[in-house]
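Participant: Numbering (my numbering), first residue to last: 1 to 195. Just so you know, even glycine gets a beta-carbon here, dropped at the ideal spot from N, CA and C.
As structure tokens, this is what we get:
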């Protein structure tokens, strides 16, 4: 083999080796790019998992922190819509206020037993408070049984301090034509329940 052929052979070998080196660099770069993307994805998933763990720890701490508040809410908001109990409490409050006899205490009509009736009737959900319902109660004192205004005010105050009837939503007063210090009234009182 002469020097010229050896020179061509070495040039060809250098070109082939350069091509192999260049292609292996490109292949290695593609592999590293895919592994880098996979690593970034796994790192993001790891950060999300850590954030989720932190949120779960915080939620558990909040559950412990607010469990006492939940127990207080259960004690304050009645767990049932026991109408007999409610009527009894309203009648007792009226008696304590000096109102001997209320003309009527009415509740919304029930659809229980009717076609397509749901389990919860007469009540409407309270917006923004899940699981708490509102039951409107109408209390009437007719003009034949008019009461002094001062007794009515005492009755209102006691109703608003009662845990079953904590909110009076409407009041209609009618003064007695013979004695303006005596009134007849119609109240709508909201009872909050959490069944």
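Please name the residue, chosen from 179, 171, 194, that lies closest to residue 187 on a Cα-to-Cα basis.
Facilitator: 171
Participant: Taking only the alpha-carbon atoms, compute the straight-line gap between residue 8 and residue 25 and give it to the nearest angstrom.
Facilitator: 25 Å
Participant: Starting from residue 173, follow its DSSP beta bridges and name the residues at the other end.
Facilitator: Under the DSSP definition of a beta bridge, residue 173 partners with 185.
Participant: From residue 145 to residue 174, what does the alpha carbon distance come to, in whole angstroms?
Facilitator: The alpha-carbon of residue 145 is positioned some 12 Å away from that of residue 174.
Participant: Just the C-alpha distance for residue 6 and residue 44, rounded to the nearest angstrom, thanks.
Facilitator: 56 Å
Participant: Please list the terminal residues of the continuous alpha helix (DSSP H) segment that includes residue 156.
Facilitator: 149–160
Participant: From this set, 104, 152, 97, 193, which residue's C-alpha is nearest residue 125's C-alpha?
Facilitator: The option with the nearest alpha carbon to residue 125 is 193.
Participant: Out of 104, 57, 21, 159, which has the shortest C-alpha to C-alpha gap to residue 143?
Facilitator: Looking at the Cα atoms, 104 is the closest of the given residues.
Participant: Quick check: the Cα distance between residue 137 and residue 85, rounded to an integer number of angstroms?
Facilitator: 13 Å
Participant: Determine the DSSP secondary structure at residue 132, reduced to helix, strand or coil.
Facilitator: coil
Participant: Is it buried or exposed, residue 191, if we count other Cβ atoms within 10 angstroms and call 16 or more buried?
Facilitator: buried
Participant: How should residue 20 be labelled, buried or exposed, when 16 other C-beta atoms within 10 angstroms of its C-beta is the threshold for buried?
Facilitator: exposed
Participant: Straight-line CA distance for residue 4 to residue 28?
Facilitator: 36 Å
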